[in-house]
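Chemist:
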Amino acid sequence: MNNILEVHNVVKRYAQHTALNDVSINVPKGVIFGLLGPNGAGKTSLIRIINQITAPDEGYVLFDGKKLHPEHIRQIGYLPEERGLYKKMKVGEQLLYLAQLKGLTEKQAMEKLKEWFIKFDIKTWWTKNVEDLSKGMQQKIQFVATVLHEPQLIILDEPFSGFDPINANLIKDEILELKKKGTTIIFSTHRMESVEELCDNVALINKSHKVLDGPKKEIKEQFKTHTYSAEYLGDLSGEFEDFDVLNTIEVEDNYKKSTLKLKPEVPVNRLVRQLIDKIELRTFGENIPSMNDIFIASVNEVPQ
Amino acid sequence: MKNILLVLKREYLTRVRKKSFIVMTILGPLLIGAFYGIIGWTAMSSISLKKIEVIDQSNLFNGKFKNTEELNYTFSGEKLDDAKKRFSKSGFDALVHIPQDIMTNPKGVKIFSEKSLSIELQSGIEKNIEREIETIKLTEAGITPKVLEDAKMNVSTQTISLSADGEKSNSSVAATVIGYICAFLIYITVFIFGVQVMRSVMEEKTSRIVEVIISSIKPFELMMGKILGVAMVGLTQFALWILLTFAITTAATSLFGEKFAGSPEQRLEQVKKMPQAQEIEKQVAKETKGGGVYGKVMSAVQTLPWVTILVCFMFYFLGGYLLYSALFGAIGSAVDSETDVQQFMFPITMPIIFSIAIAQFVIREPDGALAFWTSMIPFTSPIIMMVRIPFGVPAWQIILSMTLLTGGFIGTTWLAARIYRVGILMFGKKPTFKEIGKWIFYKG
């Protein structure tokens, strides 16, 4: 089975509205998967269904080829967007408790905790009360709690919110390391830079429907405008045989920046040769849509 | 099941380790002991000596008033007007004037004082006069004081319960007291521990840890673990209290037992002067033989069916707690804040409050219809049945009541679980009872 998770035609209704409407998604094993969408789109509902906190009204979910089953809870780690800890409990005791709830024995949990505490260099926190830690420290603890039982699938809902850049980097490195070990990671976020940087696959849910789904590269291909951007000294006014100048703006130091559209069937190198004949080129590149652009474009489209 | 035990263990340990638990454990019996100690002490020593000057113009009572610990009579031959003028400097607390014609006009006695007299003082003086007049009249009729003494017989009734097993003497006084104590204990503890469950649920919601937990275990397991964990804390608290109280009272009896038993007449005097306790204490004093009042009460209390009482107490505490804590947990899950939960607390606690209110009626008629039905309905039975048990309840009634209570708490637990699993993830809404009712039917 190549997909760690398969969501088939899931429908979830609440009293007032439908949260998920015929949503199907495949998550391949070992990738970092971005689950995107505006607020209220249905992401959290889907995540709760995967975690078996709620069940779908229609459709089903397969985990590693088998229908979702309580046994799978141990194979999944979940860091909710609204995440908390027992304030008056000690850090070590609490992590042991949470690990045991996920199915580890006390002994196993202790071993793994020791590893993580050494890795994050937080040995002194073991006996502290959670309420004595800063927010950033608490979030590190929460992250450890999520991954401690070495699950096959980790779901992170807005994992970077509230982290300063240094800790955000720390988490990012951990995510990449987990991926190297074969863990699949789904993360749901609004921060498109992290999606840009980390995700292999993405899916976008808008108004309870799935709007996009697939490898990031392919989706970017889909949204390509086939335009190029050039920064230069000189002047590009006038008509050209192989391309159109869509717009030009002034940037600092007398440089200009233009968006150029290639005429069909024209290879890029021809464009470049023509440019360097006319102007002093500083930068040149294809306009590949950013995830931010894609998000906005998708969400603004009126769905069927 | 394993998950319920994990949660139970956490809930139990976090509470038992708290300083407040240890303090309450030690404080509870100490407070009760101190309470009784203070009552006994004040009864014995608080009343100060009052000096009374008596001007007896009939000359019938001269020197015949007995001086007690609290009242000292001094007969004076002064004229009334002089005595009245001198009164404020005289050092007496009151001035009694008995007119010459007291035998024909018994209402002629006047008591003068600066401050108003206590009822006890007044009745003490009146009794003294009455007694003397009685003696005088009887003597005139030819009956000597000795004949009078012999005529006084102390009649006391002993209540005996008649059953197939034979006769067992019991004490309706002790039964009343124990009944009340048990009822109150259950009332208070169901409240205290039930509210602890509610607070815990609310804390988990506010700190948002609940979503982390229920991605690992089912909401039902979390709720049950919590309810059972707090139940264990309650039972531990009780066990410790019983042990401590036992230890303290054993120590107290050996230290103070003699002091209490020493002067029965003294004790009786004190006790008579507490008007509230008069009736009950008279009964107790007459009922038992030997020893002081303390010893008498203890032996009366020993005739009660203690094993039944203790076993039933444990059962009804557990049953009542389980029934109500499930409901407390449910309303805790439905709200977002402390203030919102108040509106739900009242309807839920109404049956308990009602039970305490009608307890006095049940005591008057432990086998009446009101008593029977309220000791069967699961919402009121924990308190009312405990009130009835010291008076003796047929075994079949106890068993029926217990069965219904068991059914009751299974029912409320099921209901609460269905509300809980929706409520803990619901934020921002201010639910009404109607809304919560809908949650019961949401699919899992």
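Top to bottom, those sequences are chains Y and P.
Quick note, the first sequence lines up with residues 1 to 304 if you use my numbering.
Quick note, the second sequence lines up with residues 1 to 444 if you use my numbering.
Backbone N, C-alpha and C define an ideal beta-carbon position, used for all residues, glycine too.
Everything numeric in this text was worked out from a predicted model, so none of it was measured.
Run down chain P in chain order and give the residues with a C-beta less than 7 Å from the C-beta of Y/Pro159.
Modeler: Under the 7 Å cutoff, chain P gives no residues; its nearest Cβ is about 14 Å from Y/Pro159.
Chemist: Using CA coordinates, which residue listed in Y/Asn2, Y/Val10, Y/Ser258, Y/Asn3 is at the minimum distance from Y/Ile205?
Modeler: Y/Val10
Chemist: Applying the 10 Å Cβ sphere with the 16-neighbour rule, what's the burial state of P/Thr104?
Modeler: exposed
Chemist: Determine the DSSP secondary structure at P/Pro378, reduced to helix, strand or coil.
Modeler: coil
Chemist: Any idea what DSSP makes of Y/His72, helix, strand or coil?
Modeler: Correct three-state label for Y/His72: helix.
Chemist: Can you list, in chain order, the residues of its chain whose CB lies under 7 Å from that of P/Ile136, leaving out five sequence neighbours each side?
Modeler: Excluding sequence positions up to five before and after P/Ile136, its CB lies within less than 7 Å of the CB of Leu60, all in the same chain and listed in chain order.
Chemist: Nearest chain Y C-beta to P/Thr14 closer than 8 Å, yes or no?
Modeler: yes
Chemist: With 8 Å as the threshold, decide whether the Cβ of P/Ser20 is near any Cβ in chain Y.
Modeler: no
Chemist: So, under 8 Å CB-CB, P/Leu415 and P/Ile440 are touching, yes? Tell me the CB distance rounded to an integer number of Å.
Modeler: 7 Å
Chemist: Are the Cβ atoms of Y/Ile25 and Y/Asp213 separated by less than 8 Å?
Modeler: yes
Chemist: If you draw a straight line from the alpha carbon of P/Ser355 to that of P/Pro99, how long is it in whole angstroms?
Modeler: A direct Cα-Cα distance of roughly 56 Å separates P/Ser355 from P/Pro99.
Chemist: Can you tell me which of Y/Ile122, Y/Asp242, Y/Ala168, Y/Phe243 puts its alpha carbon nearest to the alpha carbon of Y/Glu193?
Modeler: Y/Ala168
Chemist: Figure out for me which residue from P/Ser207, P/Leu185, P/Tyr316 has the closest Cα to the Cα of P/Gly408.
Modeler: Ranking P/Ser207, P/Leu185, P/Tyr316 by Cα distance to P/Gly408 puts P/Tyr316 first.
Chemist: Closer than 6 Å by C-beta to Y/Lys383: which residues in its own chain qualify, once you throw out the five before and the five after it? Chain order, please.
Modeler: No answer is possible for residue 383 of chain Y: the residues shown for chain Y start at 1 and end at 304.
Chemist: Does the beta carbon of Y/Gly84 sit closer than 8 Å to a beta carbon anywhere in chain P?
Modeler: yes
Chemist: Specify, as a first and last residue, the run of the alpha helix (DSSP H) that P/Pro449 falls within.
Modeler: No statement about residue 449 of chain P is possible, as the shown extent of chain P runs from 1 to 444 and does not include it.
Chemist: For Y/Asp277, which three-state DSSP category applies?
Modeler: helix
Chemist: Does any CB atom of chain Y fall closer than 8 Å to the CB of P/Lys438?
Modeler: yes
Chemist: Using DSSP with H/G/I as helix, E/B as strand and the rest coil, what is P/Ile111?
Modeler: strand
Chemist: In angstroms, rounded to a whole number, what distance separates the CA positions of P/Ile125 and P/Ala151?
Modeler: Those two C-alpha atoms are separated by around 24 Å.
Chemist: Whole-angstrom Cβ separation of Y/Lys87 and Y/Val130, contact assumed at under 8 Å?
Modeler: 5 Å
Chemist: Measuring only between beta-carbons, confirm whether P/Ile227 sits less than 8 Å from chain Y.
Modeler: no
Chemist: Select from P/Ile129, P/Asn67, P/Lys89 the residue whose C-alpha is nearest the C-alpha of P/Glu114.
Modeler: P/Lys89
Chemist: Can you tell me where the alpha helix (DSSP H) holding P/Lys64 begins and where it ends?
Modeler: That residue, P/Lys64, is in no alpha helix (DSSP H); it is neither H nor E in DSSP.
Chemist: Along chain P, in chain order, which residues have C-beta atoms closer than 9 Å to that of Y/Asn129?
Modeler: The premise fails here: Y/Asn129 is roughly 11 Å from chain P at the closest Cβ pair, so nothing lies under 9 Å.
Chemist: Buried or exposed, going by whether 16 or more other CB atoms sit within 10 Å of the CB of P/Arg10?
Modeler: buried
Chemist: Identify, in the order they occur along the chain, each residue of the same chain with its Cβ nearer than 8 Å to the Cβ of Y/Leu96, setting aside the five sequence neighbours on each side.
Modeler: Glu106, Ala109, Met110, Leu113
Chemist: Once DSSP output is grouped into helix, strand and coil, what is the label at Y/Gly214?
Modeler: strand
Chemist: If you draw a straight line from the alpha carbon of P/Leu148 to that of P/Ile188, how long is it in whole angstroms?
Modeler: 52 Å
Chemist: Looking only at its own chain, which residues have a Cβ that is under 8 Å from the Cβ of Y/Phe223, when we skip the five neighbours before and after it?
Modeler: Pro289, Asp293, Ile294, Ala297
Chemist: Are the Cβ atoms of P/Ser12 and P/Met223 separated by less than 8 Å?
Modeler: First, the amino acid is wrong: residue 12 of chain P is Tyr here, not Ser. No.
Chemist: Which residues mark the beginning and the end of the beta strand (DSSP E) in which Y/Leu62 is found?
Modeler: 58-63
Chemist: In the stretch 381-406 of chain P, which residues sit with their C-beta less than 8 Å from some C-beta in chain Y, listed in chain order?
Modeler: none
Chemist: Show which residues of chain P have a CB atom less than 7 Å away from the CB atom of Y/Pro80.
Modeler: Glu211, Val212
Chemist: Would you check if the stretch 59-68 of chain Y and the stretch 156-164 of chain Y touch, i.e. whether three or more CB-CB distances between them fall below 8 Å?
Modeler: no
Chemist: Beta-carbon within less than 6 Å of P/Phe193's beta-carbon, same chain only, minus the 5 sequence neighbours each way: which residues are those?
Modeler: Val230, Gly234, Tyr321
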